């Protein structure tokens, strides 16, 4: 009951945020120099004032701001983000084609960063001054300071060009069109590994450092002393009693990073020619394809919001205190 | 007490010393502690915070903090020296034959597991029972510690319980394997007065039923009188006085014990006499760096302090007429005609 | 303020014991941090190279001076030439100017916005806080890079637009920290005392609370300069920077198709970004140690 109410509140809030993104989109179109008529006229190689006025009337651009906003929102609710003159396709279908690749990249990078980060964090918490702890600190400094696109290019030079272990670009090998499904999945995984690793490199060390700090704190807690007094082995204490308690802060941080992961994905997709929203965004920006750009902004915000909702869900699974709605 | 000297006591602690190694050097936090505990007996360790009573308990459990180590003496549990036992052996004893409950019931239970899971864990670990049996047994234990509607509460998480109930759960965990010794480290300090009395009653009843010896660690003389037969007073890592609770309260021999008892007016009737002598204990516990010196560490706070108190550690001596009452003091009350 | 060294058994703790004045204590603490010291020296070199380098090495970074892909050290080109035969050293020095300037200005801008939002929200509470924090959350939901790409796309890729696009999207962390500090400090006694003494709200915010809220904000601001440099590099790498100036990210972006022929044209500017941002974050760490010695738990 409580759970349902909380979920409803969260969903309502998420929808409000999305509507705000739509309004922002619309305002951006309005305050930016030039409008759709200019774009179309540009495509046609110039147009007379009458033709321009005709186009503006066709697209409702002569109506008052608030009416136009209403029309735009009405379209968005029907998932209609307009038509891309550059790609000659409705924006929604363009995005639908690219979204899965971005989702795959974003979520596998987050998962990779979380799993490896937590493992490194837990191990280094057991020896706070050991080699691994220092390595994690160094990794964190690298992850924070190195431009992610440069990290990607360096990996590409090392592991695709000098040692041809991984494919250089793209998501699928066209030669495998007729291969069995499992072979194609494996191929996507093969293509995915370097981009996901690159993207994860920003966040991996961040998570492992927080996990280490959180583990160190939890290991000093009273209930860990209780666990010791029960006669549990160090292994059970660390991996059962301490780990579940120290995951909360890490998952919360991962949730906050979703926006940054999507940002990073734009760069990583560009480096590895990954056919996702990021490469589409760059293409449409260079082509001044405003409807597509704004559609991408909307969907990327949607990815972040869904990521945050998922984070909430995971946190509830981990911590019963959040589940029952207590502070 | 009619102990036959031929049978070894359940627990025999001999000259136990513990040192901490810190950046500042080595400090002696426990200095030459000896005592014995019989099966089913209840003893209290009394003293101010930092006097080493909790450290004694942790040393018995083999749970000293990383910077601490046993630097001398023995802990003989049924004849086996625990100070030299392997970590695996200690783990088999902990929670099984020697259990411990702590001061903070609010934080001593793991917040992300149900109380049923936390009780079952010790049963599975030490008794090797399967999940279903562990669960049934957990419900019985919750009933035994008088938690109402135990069958439903077994799936609750700690945050759904009150402080008193959580301490009951801790007791259920500690007694699950029917241990020989239960160490209760200030188990009621964080609880309401009414709840305190209930917890003590519960500990007494269950201890008697299971024939479990109980070591109560406290600074509360009222709790001592309620809970135990024998008491051991500690100061600055040393034992200063030991004896039957009735004898010690009636005629405390060490100035420090006198002070402690005088602070709690309701446990003794002839308070006025005591208050005249020592209304309260002035001063503070010496810094830990002074622990272990060859002097009486209470001397700075003692009205009776003389030269020898500052130059040598007082030895333990029996008090005439009370075979089990002993004191470590150069000028104890009641033995040299100071009254 | 008592030296907090007793709780922090760290390098330099003993030295701090001797320092009495809080400011001197901070300086001593910072100097005792070896990594932060080395980083300060490295960053100084980078900054000096960006300021004076183009004068000492007056080569036009856009001019084709030699055969493309000349490796570093050959033909008198310390860092070689790029795919159009342009001098890499000149590009790196001139690019440093742009990268550092944009990083600094954009970070200052976002710190200013963040402090304004956080201070107002933390000081006034209630509806003001609600509205401001909702706006902050809204900005957290938009992927920052995409958002600034959109701004650059709509308003044109000039230095000013790029700087504003970075500053406008990256202030949320500062706002959160400032608000938290204001919420904490506004309840302290000296604030109540100043209020009772008749200080206006503006005075309370800017003269009483803000100075005491600064330490964590300063640390965050230092880190912001680093992330703004990375941000600018990202935009420039994508080709969304002023086409009339060189910047480190832009060198990497334009040379990217030729990594097989001349990896150094990409490796070198990347290293420059890495070393600069690394120095800044180490300095931030050092500042953190110096400003809140009590909070460190390493």
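Residue numbers (the working numbering), protein chains in the order written: chain U, 1 to 327; chain A, 1001 to 1339; chain R, 2001 to 2298.
Note that CB positions come from ideal geometry on N, CA and C, so glycine has one too.
Note that this is a predicted model, so its numbers are computed, not measured.
Endpoints, beta strand (DSSP E) assigned at residue i
i               : result
residue 1235(A) : 1230 to 1235
residue 68(U)   : Counting along the chain, residue 68(U) falls outside any beta strand (DSSP E), though it belongs to the alpha helix (DSSP H) covering 65 to 77.
residue 1033(A) : 1025 to 1037
residue 1213(A) : 1213 to 1218
residue 1073(A) : 1068 to 1077
residue 1185(A) : 1181 to 1185
residue 294(U)  : Looking at the DSSP string, residue 294(U) is not in any beta strand (DSSP E); the run it does join, the alpha helix (DSSP H), is 290 to 318.
Alpha helix (DSSP H) segment containing residue i, residue limits
i               : result
residue 269(U)  : 258 to 271
residue 985(A)  : The structure shown does not extend to residue 985(A), since chain A is modelled only from 1001 through 1339, so no value can be given for it.
residue 2122(R) : 2088 to 2124
residue 2185(R) : 2172 to 2185
residue 1139(A) : 1131 to 1144
residue 2285(R) : 2264 to 2291
Any C-beta of chain C under 7 Å from that of residue i
i               : result
residue 1168(A) : Judged by its chain identifiers, the structure shown contains no chain C, and its protein chains are U, A and R.
Closer than 7 Å to chain R by CB, residue i
i              : result
residue 285(U) : yes
residue 100(U) : no
residue 86(U)  : no
residue 146(U) : yes
residue 282(U) : yes
is_contact[residue i, chain U] using C-beta, thresh 7 Å
i               : result
residue 1275(A) : Confidence at residue 1275(A) is low in this model, with a pLDDT of 45, below 50, so its placement is unreliable and the value that follows should be read with caution. Not an interface residue.
residue 1188(A) : no
residue 2140(R) : yes
residue 2281(R) : yes
residue 2113(R) : no
residue 2136(R) : no
residue 948(A)  : Within the shown structure, residues of chain A are numbered from 1001 to 1339, placing residue 948(A) beyond reach of any answer.
residue 1153(A) : no
residue 1084(A) : no
residue 1112(A) : yes
residue 1107(A) : yes
Distance, residue j Cα to residue i Cα
i               : j               : result
residue 1091(A) : residue 231(U)  : 4 Å
residue 2271(R) : residue 2038(R) : 17 Å
residue 73(U)   : residue 130(U)  : 56 Å
residue 1317(A) : residue 1293(A) : 19 Å
residue 1325(A) : residue 1231(A) : 10 Å
residue 1078(A) : residue 1010(A) : 5 Å
residue 208(U)  : residue 1087(A) : 30 Å
residue 133(U)  : residue 1022(A) : 22 Å
residue 2205(R) : residue 2129(R) : 15 Å
residue 1162(A) : residue 5(U)    : 26 Å
residue 117(U)  : residue 262(U)  : 19 Å
residue 2160(R) : residue 2092(R) : 21 Å
residue 2225(R) : residue 2108(R) : 8 Å
residue 124(U)  : residue 1173(A) : 31 Å
residue 1287(A) : residue 1050(A) : 10 Å
residue 2097(R) : residue 2054(R) : 9 Å
residue 1182(A) : residue 2127(R) : 55 Å
residue 1301(A) : residue 1235(A) : 12 Å
residue 1121(A) : residue 279(U)  : 52 Å
Proximity test, Cβ basis, 7 Å: residue i and chain A
i              : result
residue 320(U) : yes
For residue j and residue i, believed in contact at Cβ under 8 Å, the rounded distance
i               : j               : result
residue 1034(A) : residue 1071(A) : That pair is no contact at about 15 Å.
residue 1094(A) : residue 1061(A) : 6 Å
residue 2274(R) : residue 2072(R) : Wrong, their Cβ atoms sit about 17 Å apart, outside the cutoff.
residue 26(U)   : residue 69(U)   : 5 Å
Practice problem: Mind checking the segment 173 to 188 of chain U against chain A and listing, in chain order, the residues whose C-beta falls within less than 7 Å of any C-beta there? | Solution: Hits within the stretch: zero.
Practice problem: Select from the segment 215 to 227 of chain U all residues with a C-beta closer than 9 Å to any C-beta belonging to chain R, and list them in chain order. | Solution: Those would be 216, 217, in chain order.
Exercise. Would you list, in chain order, the members of the segment 1121 to 1151 of chain A that have their beta-carbon closer than 9 Å to a beta-carbon of chain U?
Key: Cβ contacts with chain U: 1121, 1122, 1125, 1126.
Self-check item: Chain-ordered residues of the segment 90 to 117 of chain U with a beta carbon less than 8 Å from chain R
Solution: Answer set for the segment 90 to 117 of chain U: empty.
Quiz prompt | Residues within the segment 243 to 268 of chain U neighbouring chain A, beta-carbon criterion of under 7 Å | solution = With the criterion set as a beta carbon lying under 7 Å from some beta carbon of chain A, the members of the segment 243 to 268 of chain U are 244, 245, in sequence order.
Quiz item: Any residues in the segment 1042 to 1062 of chain A with a beta carbon nearer than 7 Å to a beta carbon of chain U? Which ones, in chain order?
Solution: Under the 7 Å Cβ criterion, the segment 1042 to 1062 of chain A contributes 1061.
Exercise. Could you please tell me which residues of the segment 299 to 319 of chain U, in chain order, have their CB closer than 7 Å to any CB of chain R?
Key: Flagged, chain order: 300, 301, 304, 305.
Quiz prompt | Residues of the segment 226 to 240 of chain U whose Cβ lies closer than 9 Å to any Cβ of chain A, in chain order | solution = Correct list: 226, 227, 228, 229, 230, 231, 232, 233, 234, 236, 240.
Exercise. Please name the residues in the segment 153 to 167 of chain U whose beta-carbon is closer than 8 Å to at least one beta-carbon of chain R, in chain order.
Key: Residues 153, 154, 156, 157, 161.
Practice problem: Check distances from the C-beta atoms of the segment 56 to 86 of chain U to those of chain R and list, in chain order, the residues that come in under 7 Å. | Solution: Taking 7 Å as the Cβ-Cβ cut-off against chain R, none of the residues of the segment 56 to 86 of chain U qualify.
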